[in-house]
């Protein structure tokens, strides 16, 4: 079972998508089938933490089969990728539930795209062959772009094209780096390339720098890291609710996962050498995202800019090169998926009732919608980082690592936490408190049982992850130590420029 479990988890959604295409066009049956398929994938993914050997840093549940020439179908999970796979399979059934009534046209195509997207996202986190990783990486673009372009709002085509072009062009740099590595290392295998790059004397430092940047550009756009973030607000505002949940909850984590796995894992010297300006961009993103969120008149756009700010914390944690900082970065990836996924689900439920995200149309909604207001408050406090909720743990660990790395980064990061509380609590006040400005809002119905069922899992998870974080850390800790080991031991002196001539000798 161990050798097949990753294949099952990865391809159950894709096989389910094919079955959906063959089914008659009955919307009710399609919805139930999509939900059952996504729940089946989640059930299989639960095998991973149950049978995972904590305390070990290597990849587990591996499968390795020759595919095309030197390209292998090789999958494996460590303590980082395993939890990101669980996050993916956890959010997809909830995305199906929140789309139950909001998607009316081309229902079959919608859920087919959703399931194909799930397979591609899982594949990104599990692929250990770099060409296979690139295939899965690019495979996420088409279903997400179609979800935005076919099922989004007024400017959906513009947002879909912008999303597609940004990420596609950035991925070309990564492809060039992968091909160069294959030509010179003779393999697409991640561990083989890591060993080859670890040999002293080759490739030269200037080449390593270009390879580092090739991967970095692709991942920085996906995060997105300031100033490469401009595609994200448009994509979020125009996307359907399920698209926003998976975009914020999973797709953005592909970027931070790539930075950790490839930029730090393969190029530790270059990661150290470039850390200063990368951390500056992360800090700018934290503060800029928070300040721009604070002046947004649109609920969904505010949540989108909050992602720019929160993912800045993840990047900062990764490039502190401290165990506690990177632990926090990985945990914050999971936290952000849960908390921001919940916020986008809640925003979508409000849109179904009001058909707008503008704050001017809300106010005083706690009176007609008390249950909805309670769920929303928990999601907000989770994102703020209230102790005993999940957001606190990740931010605390990241900031601890930032203070260890450089005091100034820690101080500036703390200011981002303050601004985060400001815009999120301001958002909550604008929506739920004050007088009811529009009398028709008095008749708004509270969330029904189906909507509550989609919110209870993320709400419970926010509390559980805040209280029993050591459970997740048992697997994360050794994996982070293995990825970060070379970076910690990197010989480069950060204060000095790369000595290209010495590396060529």
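Numbering (our numbering), first residue to last: 18 to 522.
The beta carbon of each residue, even a glycine, is placed where N, CA and C say it ideally should be.
At the C-beta level, residue 274 and residue 339 stay beyond 8 Å of one another. By the C-beta density criterion, residue 172 is exposed, having fewer than 16 other C-beta atoms within 10 angstroms. In this structure, DSSP gives residue 151 a helical state, which the three-state scheme calls helix. Using a 10 angstroms sphere on the CB of residue 203, the tally of other CB atoms stays under 16, which defines it as exposed. Residue pairing by DSSP places residue 315 opposite 375 in a beta bridge. Ranked by Cα distance from residue 485, the options 163, 408, 453, 427 are led by 408. If you look at residue 90, you'll find it in the beta strand (DSSP E) that goes 88-94. Two segments are said to touch when three or more pairs of C-beta atoms, one from each, lie closer than 8 Å; by this definition the stretch 133-153 touches the stretch 203-223.
Pairing residue 369 with residue 119 gives a Cβ-Cβ distance under 8 Å. According to DSSP, residue 83 shares a beta bridge with 89.
Put simply, the backbone Cα of residue 60 is about 25 Å away from that of residue 82. Exclusion of the five residues before and after residue 482 leaves 407 as the residues of its chain whose Cβ lies within less than 6 Å of its Cβ.
As summarised for the stretch 244-282, the continuous alpha helix (DSSP H) elements at least 4 residues long and confined to that stretch are 248-255, 258-263, 269-275, given in chain order. Distance from the Cα of residue 467 is smallest, within the candidate group 24, 28, 49, for 49. In terms of Cβ geometry, residue 445 and residue 393 form a close pair [threshold 8 Å]. Beta-bridge pairing by DSSP links residue 146 to 206. Around the beta carbon of residue 312, fewer than 16 other beta carbons sit within 10 angstroms, so the residue counts as exposed.
Less than 8 Å separates the beta-carbon of residue 240 from that of residue 272. A check of alpha carbon separations from residue 152 across 160, 161, 140 identifies 140 as the nearest. Inter-segment contact for the stretch 347-362 and the stretch 100-119 is present: three or more beta-carbon pairs are separated by less than 8 Å. Around residue 71, the same chain offers 491, 492 as residues with beta carbons nearer than 7 Å, after the five sequence neighbours per side are excluded. With fewer than 16 other Cβ atoms from the protein chains shown falling within 10 Å of its own Cβ, residue 40 counts as exposed. Note: residue 77 is bridge-paired with 94 in the DSSP secondary-structure output. CA-CA distance, residue 452 to residue 384, rounds to 10 Å.
When secondary structure is reduced to three states using DSSP, residue 430 falls in the helix class. Counting the other Cβ atoms within 10 Å of the Cβ of residue 217 gives fewer than 16, which makes it exposed.
Within the stretch 342-387, no run of beta strand (DSSP E) reaches 3 residues while sitting entirely inside it. Excluding five sequence positions before and after residue 30, the CB atoms of its chain that fall closer than 6 Å to its own CB belong to 58, 132, 135, 136, given in chain order. For residue 76, same chain residues with a beta-carbon under 7 Å away, outside a window of 5 residues either side, are 93, 94, 95, 145 in chain order.
Annotation for residue 116: 259 place their beta carbon closer than 6 Å to its own, counting only its chain and skipping 5 residues before and after. If you check the CB distance, residue 442 and residue 397 come in under 8 Å.
Under a 10 Å Cβ-count criterion, residue 327 is classified as buried, with 16 or more other Cβ atoms of the shown protein chains found around its own Cβ. Collapsing the DSSP output to three states places residue 179 in a helix.
Residue 245 is positioned such that its CB atom lies no closer than 8 Å to that of residue 252. Taking 8 Å as the cut-off, the Cβ atoms of residue 256 and residue 264 count as close.
Distance from residue 304 to residue 418 at the Cβ level is roughly 18 Å; contact not present, criterion being Cβ atoms closer than 8 Å.
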